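Written below as structure tokens is the structure these notes are about.
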Amino acid sequence: MLTLRSRLYSVIVIMLTVLNVFQAHAQDTPQKPEADKSEVVTAVEISGNEVIKTERVRLAVSLKEGDILSKEAIQEDVNNIYLLGYFADVGAEVKDHEQGKKVIFKVVENNVIQKVKITGNSVIPEKELMEVMKSGEGQVFNIPILNSDVKRINELYSKRGYSFSGVTNMDVKEQGETIKIEITEGKLEEIRLEGKHKTKDYIIYKQLRMKKGEIFNSMKVMSALQKIFNLGFFETVKPRYDKGEKNPTDVILAIELKEQKTGTASLGGGYSSANGFVGFLEVTWNNFRGLAQKLKVKLEVGGITTYELSFYDPYFYHETAFGASVYKSKIERDYIRNGQVEGVYDESRTGGTVSLGKAITDKTRLSFKLRDEKIEIDPQAGMNAQLASDLKNSSDHIQVFSATVTKDTRNNYLTPTSGLMDSFTVATTGGVLKGKNTYTKYTGKLQRYFGTSKKTVLAFRCIAGFTDVSDGSLPVYEEFNVGGANTLRGYETYEFTGRRLFVLNSEYRYTFNKNFTGVFFVDAADAWGIAPEYRNVVNPSRDEFDVKYTAGVGIRFNSPVGPIRLDYGKPLDDSSRDGKSYFSMGSMF
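Residue numbering for the sequence shown follows the UniProt record's numbering, starting at 1 and increasing by one per position.
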């Protein structure tokens, strides 16, 4: 049995043996050499720069104090400094410094720009081009910045529609002291109309409003093509841009046209919400003789009897439009006040109109119209005697002269998805014009269209009107009216009439295909302000503004005889009323 002394001796021997093994292993393992302090970077300097701030150059240098000096790191920083673009030459020098190395990056700045000259520009002033440039007099010449300047100039041309214009050459002299930028503006070499069409070429050229030799502008072209499409004569209007034959930097505009049917003849019958069952015959030429003239012959019999002949020439004399119409109609109307039918009367009209119009600007027109009309009112039995007498006596031969200014920026006249159409009309009687009464009507109309997606559109229309009667009275047939398919869907046609008018229509339109559109609408409207002589025989509350609200749904269908509307509206402010359905021809707004 081992004694305590023997055990201690054994442990000491083992520990000494282990220590000897570790010591031998440590002697065999190579040690990491200590860094040569003479190769450590102790300072980094920039020299040679006079205009460019040292801090700006240091941002391109990654080498810093404490780093081990290496040729690769120095060369990388030299390259980074050169890429700043401000220097004609960049080098590096290494010197001993405080038991280490100092790295000095030596730069030679480009010359300071003394002059920048832009040539070849005509549609964009030199001042505007200089404003988008960062290279300017007093700045150190910089190649990357100059390249960015060229890009910005080209973007400015493109943004303004001059897609075939831009910088074609740069000339840098004396190491940047003088910079010359040459711009080439592509011109319209020729306009070619392709595709068989009966429309006279000059009618199409009038929509283009472009001349050979002018600087080509794609925005102007697209606006002109939309005008051609808005004529309603063409199914397809497609542009093609070909390289100029005389000068490759110029453009040949080729327009591919596919004409559609522009004349219609329809015979049939239908139900109108306003006039009951109606038989009709209508012949329309929307592009009569290929001159963009419109000629229409119309006959209606049934709930309404109408004979109408109308003609319109948009280019009657140069840019002046001319229109004329003659007509004769007879219709049975309800005399409604405050929702109550006070009686029934026959309204007969015989007359005609003459109009002249001219464009003031590309989007604005001014037109004048003279309406000469003989109106006869024949009250039917059962009407209040005083009211019947007043209506009978309102029969008259009147002449109304009106002036209208219209601004139209809609992208499509038939199915607009953006833009606006605003108008203001003043119509007056009296003076040298025929008629027993003297009054002036003021009517303003605002329409807005917002495309919310490829298939949906929000459309709004607001109409406001006011009548100033200076002598006599305002006859019932000249009053503003509200109710029915064209103003307040959900109420009777012409249910509310008066000297003042307010209408607000809102529609959410969803296009299923090119021929079919669904509509959800909300209407708000009223006509009020009754003539003084009627206040004793009808409800006087109609002398006050009392807006009515309706909502409903509808569909729009493009038929061979024109747009067809089917609407169903219901009053929101009178739960006792049932909804009403409407069948109408033509678009509402």
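Where is the CB? At the ideal position from N, CA and C, for every residue including glycine.
Note that this is a predicted model, so its numbers are computed, not measured.
- The C-beta separation of residue 113 from residue 166 comes to about 22 Å, leaving the pair out of contact by the 8 Å criterion.
- Boundaries of the alpha helix (DSSP H) harbouring residue 202: 201-208, taken from the DSSP string.
- Here the alpha carbon of residue 40 sits roughly 20 Å from the alpha carbon of residue 106.
- In this structure, residue 370 sits away from residue 322, with a CB-CB distance that is not shorter than 8 Å.
- The beta-carbon separation of residue 474 and residue 439, rounded to 5 Å, stays under the 8 Å limit for a contact.
- Within the segment 338-367, no run of alpha helix (DSSP H) reaches 4 residues while sitting entirely inside it.
- As DSSP reads the structure, residue 569 sits in a beta bridge with 552 and 580.
- Within its own chain, the residues whose Cβ lies closer than 7 Å to the Cβ of residue 244, once the five positions on either side in sequence are excluded, are 189, 250, 251 and 252, listed in chain order.
- A straight line joining the alpha-carbon of residue 458 with that of residue 507 spans about 6 Å.
- DSSP places residue 412 in no beta strand (DSSP E); its state is neither H nor E.
- The beta-bridge partner set that DSSP reports for residue 564 consists of 557 and 585.
- Under the three-state reduction of DSSP output, residue 453 falls in the coil class, being neither helix nor strand.
- In this structure, DSSP gives residue 495 a state outside helix and strand, which the three-state scheme calls coil.
- By the C-beta criterion, the segment 138-151 is judged to be in contact with the segment 81-92, since at least 3 inter-stretch pairs fall below 8 Å.
- Contact annotation: residue 498 and residue 530 have beta-carbon atoms nearer than 8 Å.
- With contacts defined by Cβ atoms closer than 8 Å, residue 374 and residue 351 form a contacting pair.
- With a contact defined as Cβ atoms closer than 8 Å, residue 377 and residue 345 qualify at about 6 Å.
- The three-state secondary structure of residue 288, taken from DSSP, is strand.
- Residue 88 sits in a strand when the DSSP states are folded into three classes.
- Along the length of the segment 373-435, whole beta strand (DSSP E) runs at least 3 residues long occupy 396-408 and 418-428, reported in chain order.
- Of the other Cβ atoms in all chains shown, fewer than 16 fall within 10 Å of the Cβ of residue 68; this residue is therefore exposed.
- Judged by pairs of C-beta atoms under 8 Å, the segment 396-414 touches the segment 355-365, as three or more such pairs exist.
- Its Cα nearest to that of residue 391, the residue 335 stands out among 437, 335 and 433.
- About 18 Å separates the beta carbons of residue 257 and residue 288, which is beyond the 8 Å limit, so they are not a contact pair.
- Assignment of beta-bridge partners to residue 82 by DSSP yields no partner.
- The beta carbons of residue 441 and residue 490 sit no closer together than 8 Å.
- At the C-beta level, residue 463 and residue 434 stay beyond 8 Å of one another.
- If you keep only unbroken alpha helix (DSSP H) runs of at least 4 residues inside the segment 93-168, you get 126-131 and 143-159.
- Beta bridge pairing from DSSP links residue 295 with 285 and 311.
- Membership of residue 545 in any beta strand (DSSP E) is not indicated, and neither H nor E is assigned to it by DSSP.
- Comparing C-alpha distances from residue 163 to each of 300, 222 and 311 shows the shortest one belongs to 222.
- Following the DSSP letters along the chain, one finds residue 61 in no beta strand (DSSP E), marked with neither H nor E.
- Between the C-alpha atoms of residue 395 and residue 479 there is a straight-line separation of about 14 Å.
- Here the alpha carbons of residue 254 and residue 77 stand approximately 55 Å from one another.
- In this structure, residue 555 lies near residue 566, with their beta-carbon atoms less than 8 Å apart.
- Judged by DSSP in its simplified three-state form, residue 485 adopts coil rather than helix or strand.
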